[in-house]
Structure formats: C-alpha cells, structure tokens
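See structure below.
In the working numbering, the protein residues as written are 1 to 131.
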C-alpha cells in the first residue's frame, strides 16, 4: 500500500530515495518490485535529474542486480527504468548481451519486451561502444 501511495505522489521527497533503495534490495514478489521500480523512476531518477544531480552508483548497481532477476517481468521493468537513466544507462551495455532472451523465449510477452527494449537501447547507445 505504501509503494502505491509513493508511486502516485506528485511531489518528490528526498528522504524517500534511501527507503526506495532499501526496498529494491529486498526479495519481493514481481508485482511489488514493479511498483518499487516505478517509485525509483519517479522519486530517484526524475528527482535527481530535476535537481541537476547524477545517479549514485549504489542505485545503478542495484539495477544491475535486478537485470538478472528470474522474473521476466522484473527484468522488463528494470530495463524500462534503465531507459530513464539517460546516458548513465551505458553502464549496463555490456550486461545486455548476457540477458538477451533467445528466440524460443519470445513467445512470452515480457521476454519479447525485454528483447525489444534491449535492441532499442543498444541502437541508442551504439555510439558509446568502443570500436
């Protein structure tokens, strides 16, 4: 219930950042983790960018761990959160090859979305890759 309230709150509140980071490190059901990721998008990423601050590596490392979640839904929403990170998302570029689903998993809508988001982000950030 609290995540739902935080997610739908229009005003970002700096102390929530630490609370959201703690929630993201816990083992939660996929549905709750999606809510937590959406809270992170709004109250960490957008709030920091609005204030002109970069994202902390602690947060980026938490997202990196979530990329390897067993739940395709959590991986999909982690990628959507990474998309909001702007150019700092390049931090994850090397991990995309490790999580890209093989063709036989594309029948799952979440796996298909994972593949599409990874392809889009790889194209967007291809200029950052070393030759």
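We put the beta carbon where it would ideally sit given N, CA and C, even for glycine.
According to the DSSP assignment, residue 90 belongs to no alpha helix (DSSP H), since it is labelled neither H nor E. Residue 77 holds the alpha-carbon nearest to the alpha-carbon of residue 40 among 111, 112, 96, 77.
Note that the C-beta distance between residue 75 and residue 34 is not below 7 Å. Counted as a single uninterrupted DSSP element, the alpha helix (DSSP H) harbouring residue 110 occupies residues 109 to 124.
Taking the CA atoms as reference points, residue 90 sits about 26 Å from residue 108. Of the residues 106, 16, 92, the one whose Cα lies closest to the Cα of residue 62 is 92. Residue 29 and residue 68 have their C-alpha atoms spaced approximately 15 Å apart.
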